[in-house]
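Notes follow the structure.
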Amino acid sequence: MVRGWIIGNSSGLFFGIFSCIALIVFIFTMRAFDHKVKFRFIYGATALLIAMFGTIIYSTSGYIVVTVLSYILPFLAIGILFLYMYMYAARYNIDSVSRCYKRRCFYADAERHSKNKMAIISMDLNDLKYINDNFGHKAGDIALLTFAEVCRSVKPSKFILYRTGGDEFMMLGIKATKDEAETLIHDIRMKLQETPYTCSFGINMYNPSDDFDDVVVKADQAMYEDKRMYKEMKIKSNPSKDEEYDESLRMFTSNISFLD
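Its first residue numbered 1, the sequence shown is counted upward by one per residue in full-length UniProt numbering.
Shown next as structure tokens:
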């Protein structure tokens, strides 16, 4: 019966082909975004259900239903394919910890907007190594994500946030002024006071006639100078401040559950 359906009926053939396409795309989507072994049985179960569904539909409802489905399934398969492509691109471009765009996006966006003036903000989350070493890497991940959420909560839409590596973040302010960048840094510092974390910042302005890499280097240099002053201030601080800092980190980390 199934052999006759596939060979003798073009609608049945289309139904079978696009059922397989939809299934294949679904499986690859599941594999890309869910690596847990306990869910892998879904792949086989889905294949079995689709095979049973196709056979039952044709044997009980006949030509009309299969013909209708042969028109619906191509659009379903294409829709799932585009969803898979979107999700794959998102995973490729988004940092899984901070949920920021990755380093490659920073340079791609800079190239795309190279004919515009831009504010470049270099940022380095202070004490991330200390947090990782003393409180664990989950605490470090919480610090990274919290900092990113703080930035997202205060930044205007013209500023794009990236995690460029480790404890380093960058922002591109498309058509932004230096005053706007300085205001944003002030707002981030104020918002960070609600957390145990601090950050070092550096700003430089890009004009279309500039070499972008040189502008980034100067923004980094300004950030390193800010970090140097932070470290000097920390050395001069009262030892009791370190104990308060550790306690605030411990309490903040224990009360955060968004990475579970």
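Where a beta carbon is used, it is the ideal one built from N, C-alpha and C, also for glycine.
Less than 7 Å between the C-beta atoms of residue i and residue j, yes or no?
{"i": "Met170", "j": "Phe212", "result": "no"}
{"i": "Lys191", "j": "Val217", "result": "no"}
{"i": "Asp187", "j": "Val154", "result": "yes"}
{"i": "Thr198", "j": "Asn126", "result": "yes"}
{"i": "Phe207", "j": "Ile120", "result": "Checking the displayed sequence, the identity of residue 207 turns out to be Asn instead of Phe. Not closer than 7 Å, so no."}
{"i": "Lys158", "j": "Asn116", "result": "no"}
{"i": "residue 269", "j": "Ala148", "result": "Nothing can be reported for residue 269: it is not among the residues displayed for the chain, which extend from 1 to 260."}
{"i": "Met223", "j": "Ser200", "result": "yes"}
Tell me which same chain residues have a C-beta within less than 8 Å of the C-beta of residue i, skipping the five on either side of it?
{"i": "Gln221", "result": "Gly202"}
Thinking residue i and residue j are a contact (beta carbons under 8 Å), I'd like their distance in whole angstroms, please.
{"i": "Arg163", "j": "Ser98", "result": "5 Å"}
{"i": "Leu172", "j": "Ala108", "result": "About 11 Å; that fails the 8 Å criterion."}
Counting only the same chain and skipping the five closest in sequence on each side, list residues whose C-beta sits under 6 Å from that of residue i.
{"i": "Phe33", "result": "No answer about Phe33 holds up, because its pLDDT of 48 lies below 50 and its placement is not dependable."}
{"i": "Ile7", "result": "Annotation note: pLDDT 44 at Ile7 (below 50); position unreliable, coordinate value reported separately. Answer for Ile7: no residue qualifies."}
{"i": "Glu247", "result": "none"}
Output the distance between the C-alpha atoms of residue i and residue j, rounded to the nearest integer angstrom.
{"i": "residue 293", "j": "Ser114", "result": "Only positions 1 to 260 of the chain appear in this structure, which leaves residue 293 out of reach."}
{"i": "Met118", "j": "Leu161", "result": "13 Å"}
{"i": "Glu244", "j": "Arg112", "result": "45 Å"}
{"i": "Leu249", "j": "Pro196", "result": "6 Å"}
{"i": "residue 299", "j": "Ser209", "result": "For residue 299 there is no data in the structure shown, the boundaries of the chain being 1 and 260."}
{"i": "Glu225", "j": "Met251", "result": "30 Å"}
{"i": "Pro156", "j": "Ala219", "result": "20 Å"}
{"i": "Lys236", "j": "Asp242", "result": "11 Å"}
{"i": "Thr253", "j": "Val215", "result": "36 Å"}
{"i": "Lys227", "j": "Asn255", "result": "28 Å"}
{"i": "Arg189", "j": "Lys178", "result": "17 Å"}
{"i": "Asp95", "j": "Arg152", "result": "14 Å"}
{"i": "Asp146", "j": "Asn238", "result": "The sequence shown places Thr at residue 146, rather than the Asp named in the question. Going by the C-alpha atoms only, they are around 26 Å apart."}
{"i": "Glu194", "j": "Tyr101", "result": "24 Å"}
Using a Cβ-Cβ cutoff of less than 7 Å, which residues in the same chain neighbour residue i once the five nearest sequence positions on both sides are dropped?
{"i": "Asp167", "result": "Asp124, Leu125 and Leu128"}
{"i": "Gly165", "result": "Arg103"}
Does the distance between the C-beta of residue i and the nearest non-hydrogen atom of the ligand PLP fall short of 6 Å?
{"i": "Tyr107", "result": "The ligand PLP is absent from the structure shown, which contains no ligand whatsoever."}
Check whether the region 172–191 touches the region 129–138, counting contact only when three or more Cβ pairs, one atom from each stretch, lie closer than 8 Å.
-> Touching, no, given that fewer than three Cβ pairs across the two stretches are closer than 8 Å.
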